[in-house]
Structure formats: C-alpha cells, structure tokens
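All residue numbers for the sequence shown refer to numbering that gives the first Met the number 0, where the first residue is 0 and numbers rise by one.
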Amino acid sequence: MALAFFPRGGSAQVARYLTRGLGACGWQTTIVCGSLGRPGEPSHAETFYAGLDVRAVDFTAARDAPDPLHAEPPFQPSFEDRPGAPDRVYASVDDETFERLVALWSNQLEAADADHADILHLHHLTPIHEAAIRRFPNVPRIGHIHGTELAMLDRIREGAPPTWTYAERWAQRMRRWAQACERLLVLSPEAVRRVPAELGVEPERVVWAPNGFDPEAFDRRPLPADERIKLWRRWLVEEPRGWDESGRPGSAAYREEDLAPFRAGGPTFVFVGRFTAMKRVPLLVRAHARALAELERPAPLVIIGGFPGEWEGEHPLAAIRETGNRYAFLAGWHGHEELPQALNAADVFVLPSVREEFGAVIVEAMACGLPPIVVNAYGPAEIVEDGVTGWLVPPDDEQALARAMVAAARDEHERRARAERAYRVARARYGWPALAQGLARVYEDVVLGRPAREGAQTLIAAGSADA
C-alpha cells in the first residue's frame, strides 16, 4: 500500500485502518509513504503507523531547504495551491522534477519488494502510479481516489491559474494512471457516478469504498461536566496547541476565565479538519457568531485541527477577530487517538466543507453519538439524512448554517434523537473491520482475474446499507 504524503489528513487514516483490517483477513501489507518530523509527532510515519510494516521517505530536511522541491529527496507536491507552503501544487511541477519524483518512488517500491506483491494499492493519483507502471508492469494496481485530486482536475477543467504551467500535462497523466488500474476505489456513490466520465474508466471498475471508523476507539463515552471542563482546560489553557498566522503551536492560547461558556449549560459544537479553503472554517466562525446572537446562552465552538502553519485563504483566527467571536476556540492539531475523548466532550459536530468526497470524521463523530451539521453536497449528503441523523445545509450559506446551529442548540430533545439515529447508522455501516473485509474481497477478485461487475461493487456488506 503506497501513499506519497506524510500523515496529516484522512487518507493516512484510511491507509492505517485498512492495513490493520487486512491483517485480520490474512493479507500481509507494507506501507510505503512520506514522513515529517521527529518520532512522537503525529506527522512522523513510524509513529503514526505504529505496529505496521512501514517504509517511509523523510521529508523533514526538504521542508527546511531553500527550495523543498529540489532537495534530496524532494518534498512531495500536493493537489492544493498554498503559496509559500513547501508542498507546491502538482500542476506547477515541471517534467524534470516529475521524473525525479518517479525515480524516488520507484526506488522506494523496489526496496519494499513490490515486484513480489500480489497487488499494489496506490492512494491518490500521484507519481507513485507512474513508478509502478514503469517498474512493476505485471503487478495489478488498485487506485484509491480521496477527492483532492478530483478537485484539482476540476480547477484545471474550469481554467487553471497562470502559475499552473503544467496543468494539462498533469491532468493527462492522472487520467492515464486511473485507466491503468484494475479497480478504482472512490469515496461516495456520487463519485461512482461521475468518475467514469471524468477519468475515462469503465463504470464496472469503479468501487464505492467509503471511509470508516475504528469501532473500539470511537464510541459513546460522554464525559461528565467536570471532566469536559478538565479536558478543554488542558487543550486550550494548560497545553495549548492552537496557532495564529505565525504557525507556531501554542500561539493561540486561552485563560481560565475564557472557559466560562463551557460552564453555561449550552451545547458545545466541534469542528475537526485541516484549514484548506474547501473546509470553509472562516465561514463556520461567522455562522457561529451569527447563531450566538440568537441563542439565550453561550454555545462554544472548538476548532480542532489545522496542521501547524498550513492554511489556505483567510486564517480562522482572522475571522474570529473580525467577528469578535469570543466563544470560538482554536485547539490546534491533535493526534487521531485523542479525537474520541474530544468528541465525547462535545454535543454537535459541524463540517461546512463544500468539497468533501466523504469525510471520515463525520462517521467518527456519529459513532461517538454526535449529530452532524454538514453541507448538502458530495459525500456528506450521502452519509447524513436531513431531519433524521443530522442537518444538511446548502454550500456556502452562512445564514442556513447559523440556523441549523441555532436549531441544534435550542432543541435538546431533537438533538438527542438525531444523535441516537446517527449512532446506529454509523455502527451498522462504517466500521473499519467490516470495510477491510470488503476490500479483501476486491483484492481476491483482482488476484484471481475475476471480471468487474457494474453496479455490484461496494465495500459495505450486504444487509447493512439500509440500517
């Protein structure tokens, strides 16, 4: 299993949990990936994938080099365009650097004994595909689309920015890589419908592979009021990791008196994610401020995430300053193993992302008993049933998002009812062990040369889809 990036987002979680689940199904898996930072940090591959067979490329020196892309090894590019970030967008990467990236991953795959593998499971559409095609043409490949690559292709199709000098070349490569896969895993039924035309692959080779959650780690364990305060005190006051425009963890910190809204008896909203443009975190801050103006008592918002120093567009703290929102808190980047406790210290999960192919954190929140407020588009609209398991709002509609937050805060009975239904749906459909069993069936089909079957390909076990 190969993933070009260091651990920092949902695709790394997917690789980790699927690898664990595949082991229980009898598959031996080696993870080839990137790494960043020192042991113990969540972006450090051997730390993040502890207990698994990992072969990692260390990007730490490249990150600190004058030109990260021309360091040795080169820092892996990204599908997102963040000026000044060490990982520049793929569409701006020239042919010579592309060949260096292919050589890097060819060597890594060879060192991991890829030529003796039964399957190469390649996450995202990156130069790892080119390396696999050139060096190991006889080993079948499964591609795993996580959404950010589709977003970049959409921007290219709509008209790439002038700085994306090599945009069309990258689009052609990515389509060719997808077409060379025996199966292509996508995150939502909506992606199943549109990916064949966008990438030029046969519909029967596209498999719905939703993200899932660890049913042992993520469960309803609601914290008593005093334990909630203790957790938020530790995260926000005693050991702060929130960060301002400097990118330094702890540069956004709070005082004991700032915790007063957590004692006011209102619900706590929580967001978890990176600070990319599509997540719409500043819009969430503004919608929350609008909702607070209508509520009778404070309902704090805790914003968890944002890899230190990485953000697109407006920094969330700028929106907090502009709105004067004293009840929105930046908790910073935390390890995945810390999320269950934080989710159990909250009441409602909010994710206003406008381009979320799935959103694993949605089902993780549901599995902890939180009803979600999400956008009625892409993957979230497939996960959440409006009025039943949560609230759906139109994309980029600040007022609608604020109204949903007000409704969730005011009606405790309805909030709890949707939370209960969300909990049941998550546990019936999206547990990682069951999804890994579905993936093992796909692997077996590919290894045995069984033909793909249009309309029958999903990792969700029969009988759970209608839970």
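Quick reminder that beta carbons are idealized off the backbone N, C-alpha and C, glycines included.
Values in this document were obtained by computation on a predicted structure and should not be read as measured data.
| Query | Result |
| --- | --- |
| Please classify Thr147: is it buried, with 16 or more other beta-carbons within 10 angstroms of its beta-carbon, or exposed? | buried |
| What number of angstroms, rounded off, separates the C-alpha of Phe328 from the C-alpha of Ala298? | 11 Å |
| Confirm the yes/no value for this check: CB of Trp104, any heavy atom of the ligand COA, distance under 6 Å. | This structure simply doesn't include the ligand COA, nor any ligand for that matter. |
| Excluding sequence positions up to five away, which residues of its chain have a Cβ less than 8 Å from the Cβ of His123? | Leu2, Ala3, Phe4, Ser10, Phe78, His143, Ile144, His145, Thr147, Glu148 |
| Taking the beta carbon of Arg15 as the centre, do at least 16 other beta carbons fall within 10 Å, making it buried, or is it exposed? | buried |
| State the Cα-Cα distance for the pair Gly246 and Glu129, rounded to the nearest angstrom. | 34 Å |
| Using only the alpha-carbon positions, how far apart do Leu458 and Ala376 sit? | 21 Å |
| Report all residues from its chain with a CB closer than 8 Å to the CB of Asp465; omit the five preceding and five following residues, and keep chain order. | At Asp465 the pLDDT is 48, less than 50, meaning the model places this residue with poor confidence; the figure from the coordinates comes in the next sentence. Excluding positions up to five away in sequence, the list is empty. |
| Run through the stretch 136-172 for me and flag every whole beta strand (DSSP E) of 3 or more residues, listed as ranges in chain order. | 140-143 |
| What's the C-alpha gap between Pro238 and Tyr48? | The displayed chain sequence assigns Glu, not Pro, to residue 238. Rounded to whole angstroms, Glu238 to Tyr48 spans 25 Å at the Cα level. |
| For Arg279, is the classification buried or exposed, using 16 other Cβ atoms within 10 angstroms of its Cβ as the cut-off for buried? | buried |
| In whole angstroms, what separates the C-alpha of Glu244 from that of Thr46? | 27 Å |
| How many angstroms separate the CA atom of Glu468 from the CA atom of Ala451? | The shown model of the chain, from 0 to 466, leaves out residue 468, and the question about it has no answer. |
| For Ile372 versus Val349, is the C-beta distance shorter than 7 Å? | yes |
| Under 7 Å, do Arg296 and Ala344 count as touching if we go by C-beta distance? | no |
| Which partner residues does Pro120 have in the DSSP bridge list? | The residue you asked about is not Pro; residue 120 is His in the sequence shown. According to DSSP, His120 bridges with Ile141. |
| Determine which residues share a DSSP beta bridge with Trp332 and list them. | None, per the DSSP bridge assignment. |
| Ignore the nearest five residues each way along the sequence and tell me which others in Gly36's own chain have a CB closer than 7 Å to its CB. | Ser42, His43, Thr59 |
| Three-state secondary structure (DSSP) at Ala216? | coil |
| Span of the alpha helix (DSSP H) holding Ile132? | 126-134 |
| What are the complete beta strand (DSSP E) segments, minimum 3 residues, inside the stretch 5-58? | 29-34, 52-57 |
| Measure the C-alpha to C-alpha separation of Asp63 and Asp153 and round it to an integer number of angstroms. | 31 Å |
| Of the choices Pro209, Asp257, His287, Gly83, whose alpha-carbon is the least far from that of Glu356? | Pro209 |
| Quick check on Trp176: does DSSP put it in helix, strand or coil? | helix |
| Just how far apart, CA to CA, sit Ile141 and Ile132? | 12 Å |
| What does the Cβ neighbour count give for Thr164, buried or exposed, with the cut at 16 atoms within 10 Å? | exposed |
| Grouping DSSP H, G and I as helix and E and B as strand, with all else coil, what is Trp207? | strand |
| Which class does Ala327 belong to by DSSP, given the choice of helix, strand or coil? | strand |
| Could you check what DSSP says for Ala464 in three-state terms: helix, strand or coil? | In this prediction, Ala464 has a pLDDT of 47, which is less than 50 and means its spatial position is unreliable; what the coordinates show is noted afterwards. Three-state DSSP puts Ala464 in coil, outside helix and strand. |
| Express the C-alpha separation of Arg233 and Arg182 in angstroms, rounding to a whole number. | 45 Å |
| Is the CB-CB distance between Val446 and Asp117 below 7 Å? | yes |
| Taking buried to mean at least 16 other C-beta atoms within 10 Å of its own C-beta, is His115 buried or exposed? | exposed |
| Is Leu17 near Ala435, with beta carbons less than 7 Å apart? | yes |
| What ranges does the alpha helix (DSSP H) occupy inside the stretch 267-346, keeping only unbroken runs of at least 4 residues that lie completely in it? | 280-291, 315-322, 338-342 |
| Short of 7 Å in beta carbon distance, which residues of its chain neighbour Ala364, apart from the five on each side in sequence? Order them along the chain. | Leu342, Phe348, Pro371 |
| Where do the ends of the alpha helix (DSSP H) carrying Ile228 lie? | 224-232 |
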